[in-house]
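S.K.: Going by the UniProt record's numbering, the first residue of the sequence shown is number 1, and it counts up by one from there.
Even glycine gets a Cβ: it sits at the ideal position worked out from N, Cα and C.
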Amino acid sequence: MFEAWTGVDISASFALIVFWALTSWQLGRVVRQTEPGKLTRNALWALVLLVVAGIPALVKAALVGILLAQGWLFGVNHLVFVVPMVVIPAVLSFWWTFPALLALRRAADGSGAERRAALTDLRPALPPRLTAIGGAFAVWLAFFRQPVPSLLDEIALYGTVFLLAALTQVVKLRRVAGRVAAGGEFPRWGIRAARAAATVVAFVAVVVLGLVWAASASKVPGRYNMAEHVGGTHAQAAAAAHSGGAHAAAAPGKGTSITELTGPRDGEPDRKFTLTAQTSEITLPSGARIQGWTYNGTAPGPQLRVRQNELVEVELINKDVTAGVSLHWHGVDVPNAEDGVPGLTQHAVPVGGRHVYRFRPPDVGSYWYHSHQISSEQVRGGLFGAIVVDAPAGADAGITDIPVVVHTFKGQHQTVNGVDQVQRRATPAGTKVRLRLINSDSQTRRFGLTGTPFRVTGIDGTPVNGPAEISDRLLVVGGGARYDLEFTMPAGAVRLATTLHPDKGLLLSPDGAGELAAKLDGEPLDANSYGTPAPTEFGPGTRPEQMVEWIFDNRLGFFDGSLRMVYTANGDLFPDVPPVTVREGDIVKMRFVNRSFVDHPMHLHGHHVLVLSRNGMAASGSPQWLDTVTVHPGETYEIMFKADNPGIWMDHCHDLDHAAVGMVMHLNYEGYSTPFEAGHDTPNQPE
Numbered sequence: 001m002f003e004a005w006t007g008v009d010i011s012a013s014f015a016l017i018v019f020w021a022l023t024s025w026q027l028g029r030v031v032r033q034t035e036p037g038k039l040t041r042n043a044l045w046a047l048v049l050l051v052v053a054g055i056p057a058l059v060k061a062a063l064v065g066i067l068l069a070q071g072w073l074f075g076v077n078h079l080v081f082v083v084p085m086v087v088i089p090a091v092l093s094f095w096w097t098f099p100a101l102l103a104l105r106r107a108a109d110g111s112g113a114e115r116r117a118a119l120t121d122l123r124p125a126l127p128p129r130l131t132a133i134g135g136a137f138a139v140w141l142a143f144f145r146q147p148v149p150s151l152l153d154e155i156a157l158y159g160t161v162f163l164l165a166a167l168t169q170v171v172k173l174r175r176v177a178g179r180v181a182a183g184g185e186f187p188r189w190g191i192r193a194a195r196a197a198a199t200v201v202a203f204v205a206v207v208v209l210g211l212v213w214a215a216s217a218s219k220v221p222g223r224y225n226m227a228e229h230v231g232g233t234h235a236q237a238a239a240a241a242h243s244g245g246a247h248a249a250a251a252p253g254k255g256t257s258i259t260e261l262t263g264p265r266d267g268e269p270d271r272k273f274t275l276t277a278q279t280s281e282i283t284l285p286s287g288a289r290i291q292g293w294t295y296n297g298t299a300p301g302p303q304l305r306v307r308q309n310e311l312v313e314v315e316l317i318n319k320d321v322t323a324g325v326s327l328h329w330h331g332v333d334v335p336n337a338e339d340g341v342p343g344l345t346q347h348a349v350p351v352g353g354r355h356v357y358r359f360r361p362p363d364v365g366s367y368w369y370h371s372h373q374i375s376s377e378q379v380r381g382g383l384f385g386a387i388v389v390d391a392p393a394g395a396d397a398g399i400t401d402i403p404v405v406v407h408t409f410k411g412q413h414q415t416v417n418g419v420d421q422v423q424r425r426a427t428p429a430g431t432k433v434r435l436r437l438i439n440s441d442s443q444t445r446r447f448g449l450t451g452t453p454f455r456v457t458g459i460d461g462t463p464v465n466g467p468a469e470i471s472d473r474l475l476v477v478g479g480g481a482r483y484d485l486e487f488t489m490p491a492g493a494v495r496l497a498t499t500l501h502p503d504k505g506l507l508l509s510p511d512g513a514g515e516l517a518a519k520l521d522g523e524p525l526d527a528n529s530y531g532t533p534a535p536t537e538f539g540p541g542t543r544p545e546q547m548v549e550w551i552f553d554n555r556l557g558f559f560d561g562s563l564r565m566v567y568t569a570n571g572d573l574f575p576d577v578p579p580v581t582v583r584e585g586d587i588v589k590m591r592f593v594n595r596s597f598v599d600h601p602m603h604l605h606g607h608h609v610l611v612l613s614r615n616g617m618a619a620s621g622s623p624q625w626l627d628t629v630t631v632h633p634g635e636t637y638e639i640m641f642k643a644d645n646p647g648i649w650m651d652h653c654h655d656l657d658h659a660a661v662g663m664v665m666h667l668n669y670e671g672y673s674t675p676f677e678a679g680h681d682t683p684n685q686p687e
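(1) Specify whether the region 153–163 and the region 213–223 touch according to this definition: at least 3 beta carbon pairs, one from each stretch, less than 8 Å apart.
(2) Taking the C-alpha atoms as reference points, what is the distance between Leu173 and Gln33?
(3) Unbroken alpha helix (DSSP H) runs of length 4 or more, entirely within the region 469–534: which are they?
(4) How would you call Glu469, buried or exposed, if buried means at least 16 neighbouring beta carbons within 10 angstroms?
(5) To which residues of the same chain is Val609 closer than 8 Å at the C-beta, ignoring the five residues directly before and after it?
(6) Taking contact to mean at least 3 C-beta pairs separated by less than 8 Å, is the region 448–458 in contact with the region 308–317?
(7) Look up Asn439 in the DSSP assignment and give the residues it is bridged to.
(8) Taking the straight line between their C-alpha atoms, what separation do you get for Gln378 and Pro686?
(9) Return the chain-ordered list of same chain residues with a C-beta closer than 8 Å to the C-beta of Ala235, the five sequence neighbours on each side being excluded.
(10) Let me check one thing: in DSSP terms, what residues is Phe641 bridge-paired to?
(11) Since Leu316 sits in a beta bridge, which residues does DSSP pair it with?
(12) Could you check what DSSP says for Ile17 in three-state terms: helix, strand or coil?
(13) Please report how far the alpha carbon of Asp657 lies from the alpha carbon of Ala619, in whole angstroms.
(14) Evaluate the contact criterion for the region 34–54 versus the region 544–563: three or more CB pairs, one atom per stretch, below 8 Å.
(15) Are there 16 or more other CB atoms within 10 angstroms of the CB of Ala517, so buried, or fewer, so exposed?
(16) From Gly647 to Leu604, what distance separates their C-alpha atoms?
(17) When you compare each of Thr23, Val52 and Gly75 to Ser596 by their alpha carbons, which one comes out closest?
(18) On a CA-only basis, which of Val664, Val59, Ala227 and Gly606 is nearest Asp644? Give me that one, please.
(19) Going by DSSP, what residues sit across from Glu549 in a beta bridge?
(20) My guess is that Phe633 and Val598 are in contact by the Cβ rule of under 8 Å, so how many angstroms apart are they, rounded?
(21) Let me check one thing: in DSSP terms, what residues is Asn668 bridge-paired to?
(22) Going by Cα to Cα distance, which pick from Pro544, Val477, Ile88 and Gln414 is closest to Gly448?
(23) Check whether the region 256–272 and the region 321–336 are in contact - that is, three or more C-beta pairs closer than 8 Å.
(24) What is the rounded straight-line gap between the Cα of Glu338 and the Cα of Val548?
(25) Taking Glu310 as the reference, which of Pro269, Ile282 and Thr294 has the closest Cα?
(26) Sort Ala21, Thr256, Leu119 and Gly385 by Cα distance to Gly417 and report the nearest one.
(27) Just how far apart, CA to CA, sit Arg116 and Ala177?
(28) Classify Gly244 as buried or exposed, calling it buried when 16 or more other Cβ atoms lie within 10 Å of its own Cβ.
(29) Give a yes or no on contact between the region 80–94 and the region 128–138, applying the rule of three or more CB pairs nearer than 8 Å.
(30) Need the endpoints of the alpha helix (DSSP H) that His658 sits in, please.
(31) Between the alpha carbons of Gly159 and His78, how many angstroms are there, rounded?
(32) First and last residue of the alpha helix (DSSP H) that includes Pro428?
(33) Quick one: is Ala198 buried, meaning 16 or more other Cβ sit within 10 Å of its Cβ, or exposed?
(34) Select from Val51, Val325 and Val201 the residue whose C-alpha is nearest the C-alpha of Pro99.
(35) In terms of residue numbering, what span does the alpha helix (DSSP H) encompassing Gly54 cover?
(36) Would you report the Cα separation of Gln308 and Ala429, rounded to the nearest angstrom?
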């Protein structure tokens, strides 16, 4: 519903400008008209326009209550700006202007001169004009710039501009009133048209100059150090307002280099892999062909299976990917230097180059790897794969383990493990089965498992405590997130599919044949209350060293010189989003507020976070330790984590198209720096 409300809000804001401007213009025609018949008709049209204009004003007034009911941060902008600029002037228009028009139409004398003069009084004449001006502010605040608390600067700025605009209208109306009272003539139509044209030209010139300035100001530096950016003035003010006891950022270029935060450099690896990135034409089973990239010639790349705490070594070779590549271990809490972010933890691997990653995976679970170089293109184009961290030898004996990597290639070809048709697999009845759902897409996917009861035993690589058996429930898996499902194979078929493509997916049966329609109309599973509680190191009663609030919006704006839909954090875009600076051992509480109309799967590298609440409802099931928190439109999440993995970490939306246009933050530990730079003048383009 929140998506619908935001759409209605924007539409109503544009309607406000149009209809209240027309109403104000028609009122001017009424005042200038002296011929009785035309005066009556014009007054009638003014009344009609006023009634029509009241509809979007009424919608905006209703939205104030609706959004405030959603939460203070969802409705505060409407309360502070829309009520005084739109709702109050609109109410005054019906309180003063509407009766004045009715009185004019009922005037006994043919000219209605006194009533026309009364209509130039500020009480009936000014409110419609103010409502039209307020509509322009409503459009700006709803679609181009959403203020983020604290709002003192915006109140002062927009309030001053609004009052100045009101003053110009007062001066103009006083001049009109004087002419009507003196019985003077108004300028001819040609003169009025010339003045209006001059006003429009001046307005357009200001807008064009403003757009040129905004485009230029949005340019991302050709070179920048991600440890040294501190954000713009607005971002710093927002950070100060929303962070309790925030630490000062380390001095630029000083401190321990994160290149020292590596995995073990010595010793023979327990598992060794080589992944070669190359340009490829990917042919799907349906015959569809995709020009993209692969690791070792396949997409997804090879499945990497390792065991907890083994020394893993992966050599990445770039055969011919001209933009460069990297490997990021999504959800695996590796040492910072092994994180695979070009321009932050390494250089992108150039054509003919290689890079070696070494780490010990600390946690059993389902994870995935992908390039973090221009990732909005490279991941979608095929540079991704699954990595599974198994328990020590023998712990999973007797279970059929099936990673299920769901991916939509460019061109909207959805696949499961690289197959864009129903993938069949023979699975004997009575077999214990684990499906590892890995959503490598940027968008949320909704899965349904038909044909058997099942348990959700893991989310984002961490176990669910006391998972209950469920049936026909939809599993909502955000971009980059993972769910582990376990069940005992029945005598019949079992079908896994997504709501986006119910005709595809995975079908298990004892003989690998048969048919079963996917059932995808069940209620979504509420992971916030699923499973049973268990003790955690910290929780709702823990006093954090820091409290950080991130408010997510979407708007039309400039990023790196281009006008597009952008997705902001506390009103700003990277690199104008200040990092959160912590000390090792800090407990940090974060609050995510999604005021946009799209999902934001927020991914903090190198850490898992504990979900405390969603929409004010405390988590009541198994502790949820997530590396990707999917915040749906209109939702508020509170999460907490311990700063126990030193370095400089990306914290970004894993809808990679959003990250590509600036929805990127950072978590900086005090005393660390990076020697790498990113930007168009470097080989590093992290997203």
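M.R.: Walking through what the data contain:
(1) A contact between stretches requires three or more CB pairs, one per stretch, nearer than 8 Å, and the region 153–163 fails this requirement with the region 213–223.
(2) Spanning the two alpha carbons is a distance of roughly 16 Å.
(3) Taking only runs of at least 4 residues, no alpha helix (DSSP H) segment lies wholly in the region 469–534.
(4) Result: exposed.
(5) Closer than 8 Å at the Cβ level, and outside the excluded window around Val609, lie Met590, Trp625, Leu626, Asp627, Val629, Ile639, Met640 and Phe641.
(6) No, because fewer than three Cβ pairs between the region 448–458 and the region 308–317 fall closer than 8 Å, the two stretches do not touch.
(7) Bridge partners of Asn439: Val406.
(8) Computed Cα separation, rounded: 11 Å.
(9) For Ala235, the predicted model reports a pLDDT of 40, less than 50, meaning its position is unreliable and no value from the coordinates is stated.
(10) DSSP, once it has assigned bridges, lists Val588 as partnering Phe641.
(11) Here Leu316 is bridged, per DSSP, to Leu275 and His355.
(12) It is helical.
(13) Straight across, the Cα-Cα distance linking Asp657 with Ala619 is about 30 Å.
(14) With a cut-off of 8 Å, the region 544–563 and the region 34–54 do not count as touching, because too few Cβ pairs lie within range.
(15) Exposed.
(16) One C-alpha to the other measures close to 13 Å.
(17) Looking at the Cα atoms, Gly75 is the closest of the given residues.
(18) Checking every option, the nearest Cα to that of Asp644 belongs to Gly606.
(19) Beta-bridge pairing links Glu549 to Arg591.
(20) One point to set straight first is that residue 633 is Pro, not Phe, in the sequence displayed. The C-beta separation of Pro633 from Val598 comes to about 7 Å, placing the pair in contact by the 8 Å criterion.
(21) The partner list for Asn668 (beta bridge, DSSP) reads Thr581 and Ile648.
(22) Nearest C-alpha to Gly448 among Pro544, Val477, Ile88 and Gln414: Val477.
(23) Yes, since at least three Cβ pairs between the region 256–272 and the region 321–336 fall closer than 8 Å, the two stretches touch.
(24) Our two residues, Glu338 and Val548, have alpha carbons roughly 27 Å apart in a direct line.
(25) Looking at the Cα atoms, Pro269 is the closest of the given residues.
(26) Per the sequence shown, the amino acid found at residue 417 is Asn instead of Gly. Closest option to Asn417, Cα to Cα, is Gly385.
(27) Per the coordinates, the alpha-carbon of Arg116 lies some 9 Å from the alpha-carbon of Ala177.
(28) Note that Gly244 scores a pLDDT of 47, beneath 50, so its modelled location is shaky and nothing firm can be said.
(29) Contact between the region 80–94 and the region 128–138 is present: 3 or more CB-CB pairs across the two stretches fall below 8 Å.
(30) Note, His658: alpha helix (DSSP H), Leu656 to Ala660.
(31) Near 14 Å, if we compare the C-alpha coordinates of His78 and Gly159.
(32) That residue, Pro428, is in no alpha helix (DSSP H); it is neither H nor E in DSSP.
(33) By the 10 Å Cβ count, Ala198 comes out exposed.
(34) That would be Val51, whose Cα lies nearest to the Cα of Pro99.
(35) Gly54 -> alpha helix (DSSP H) spans Pro36 to Gln70.
(36) Just so you know, the alpha carbons of Gln308 and Ala429 end up roughly 30 Å apart.
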